[in-house]
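Below is one structure, written out as structure tokens; comments come after it.
Chains as they are written, first to last, in this note's numbering: chain A, 1 to 229; chain B, 230 to 335.
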């Protein structure tokens with residue numbers, strides 16, 4: 001999903017750069033309320049590191065195509081949406097500057113697509129789902145997984161939207177949109193599995209470090225009840 | 230740690246941090262050898278519709294770590310090891326720094 005330089009016009013690249021910079025500025029201000037005490041765990045760094053590492057693993061999704069975790073849902077549920085934007089931006093910046101993965105002029109585009117869109121979509125899907133799912137611990141992992149599943153095609157749709165405005169090659173947009181949604185829904189299944197497993201692992205070991213848990217219906221009582229120790 | 234108001238922590242923060250970072254290092258330095266080298270979803274669609282040709286080399290493509298491969302090591306195990314360790318370390322540092330910056334802002 002890393003957009004290279006040259007795919008999108010200069011104006012669109014500048015526009016997404018402004019959006020990304022603005023979002024990081026807002027995230028720096030708003031994430032303070034989400035950030036845990038440092039003595040608890042340097043969670044922002046941990047989540048960014050795990051997402052960087054996991055993004056190195058491209059998994060096959062069918063005839064000659066692969067995909068990797070984007071991590072928006074994982075970061076949003078573990079850290080909170082604003083802090084998630086900081087963690088994902090860090091990963092995308094490191095990938096672009098150090099490893100030439102994703103273009104330099106496309107940096108704003110990639111932060112927008114793989115950070116802002118994935119976090120926004122997955123966070124609200126997660127919040128909606130844990131409202132209707134039973135107030136049990138596994139609901140948090142399921143909510144994160146389904147948020148992750150939907151965030152990947154959402155990011156693909158956003159790319160096609162940008163390409164419709166600033167694409168440098170004339171293409172039939174309808175078929176491109178269909179192909180992008182199709183492949184990225186398959187990749188989204190991988191995203192859902194990885195996200196669900198990691199969130200479940202953190203819930204099993206350190207449930208207090210899962211930011212999203214506080215939004216569950218009657219969270220503390222239900223959760224201690226669900227897991228007698 | 231008050232177990233009454235928050236769900237019980239099963240392992241210490243230190244253990245959690247070491248486990249998480251350790252797993253990330255193993256994934257990036259060892260498991261990544263078996264990563265699929267097929268084009269990703271976007272590359273595949275770009276190729277199918279012919280807009281892959283508009284891709285330009287990044288200004289950072291001359292980086293000694295470009296394309297997750299250390300210059301001169303030809304993608305061997307040492308290259309994978311260096312890329313994984315450096316990538317994890319710098320990702321951690323940058324994200325942690327942004328978190329610090331966010332907390333310091335009054």
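Backbone N, C-alpha and C define an ideal beta-carbon position, used for all residues, glycine too.
query                                                                                                                          : result
Alpha-carbon spacing of residue 156 of chain A relative to residue 310 of chain B, whole angstroms                             : 31 Å
Nearest residue (CA-CA) to residue 88 of chain A, options A/51, A/128, A/216                                                   : A/51
C-beta neighbour in chain A for residue 274 of chain B, strict 8 Å                                                             : yes
Inter-residue CB distance, residue 199 of chain A and residue 141 of chain A (contact presumed, cutoff 8 Å)                    : 5 Å
Continuous alpha helix (DSSP H) stretch holding residue 126 of chain A: start and end                                          : 118-132
Cβ pair count under 8 Å reaching 3, the region 66-83 of chain A against the region 114-127 of chain A                          : yes
Contacts of residue 296 of chain B in chain A (Cβ-Cβ under 9 Å)                                                                : 99, 100, 101
Sequence-distant residues of the same chain with beta carbon closer than 7 Å to residue 215 of chain A, five excluded per side : 127, 130
The alpha helix (DSSP H) enclosing residue 273 of chain B, as first and last residue numbers                                   : 270-278
Selected residue, minimal CA-CA separation from residue 242 of chain B, among A/205, A/212, A/213, A/217                       : A/205
Cβ-Cβ distance between residue 116 of chain A and residue 85 of chain A below 8 Å                                              : yes
Backbone CA spacing between residue 272 of chain B and residue 325 of chain B [nearest angstrom]                               : 31 Å
Integer Cβ distance of residue 300 of chain B from residue 312 of chain B, believed to fall under 8 Å                          : Actually they do not touch by this definition, with Cβ atoms about 11 Å apart.
Integer-rounded CB distance, given that residue 203 of chain A should sit under 8 Å from residue 288 of chain B                : Actually they are not in contact, since the Cβ atoms of residue 288 of chain B and residue 203 of chain A sit about 42 Å apart, beyond 8 Å.
Proximity winner among A/108, A/81, A/53, A/65, relative to residue 316 of chain B (alpha-carbon distances)                    : A/53
Of the listed residues A/217, A/187, A/9, A/10, nearest to residue 132 of chain A (C-alpha basis)                              : A/217
Same chain, Cβ closer than 7 Å to residue 189 of chain A, five either side skipped, listed in chain order                      : 149
Per-residue burial, residue 229 of chain A [other beta carbons within 10 Å of its own, 16 or more giving buried]               : The pLDDT assigned to residue 229 of chain A is 43, lower than 50, so where the model puts this residue is not dependable; a value taken from the coordinates is nonetheless given after this. So residue 229 of chain A ends up on the exposed side.
CB contact flag (residue 153 of chain A, residue 109 of chain A, <8 Å)                                                         : no
Unbroken alpha helix (DSSP H) run spanning residue 159 of chain A, endpoints                                                   : 137-166
Beta-carbon proximity check, residue 285 of chain B vs residue 5 of chain A, cutoff 8 Å                                        : yes
Beta-carbon proximity check, residue 32 of chain A vs residue 332 of chain B, cutoff 8 Å                                       : yes
Cutoff 8 Å: residue 114 of chain A Cβ touching any chain B Cβ                                                                  : no
Three-state class that DSSP yields for residue 5 of chain A in the structure shown                                             : strand
Chain-ordered residues of the region 4-16 of chain A with a beta carbon less than 8 Å from chain B                             : 4, 5, 6, 7
Limits of the beta strand (DSSP E) - the one that residue 60 of chain A falls within                                           : 59-62
Member of A/195, A/209, A/107 whose CA lies at the smallest distance from the CA of residue 10 of chain A                      : A/107
Any C-beta of chain B under 8 Å from that of residue 232 of chain A                                                            : Outside the displayed span of chain A (1 to 229) sits residue 232 of chain A, for which this structure offers no information.
Within 8 Å, strictly: CB atoms of residue 270 of chain B and residue 114 of chain A                                            : no
Cβ contact (3+ pairs, closer than 8 Å) linking the region 241-261 of chain B and the region 42-50 of chain A                   : yes
Pair within 8 Å by beta-carbon distance, residue 159 of chain A and residue 19 of chain A                                      : no
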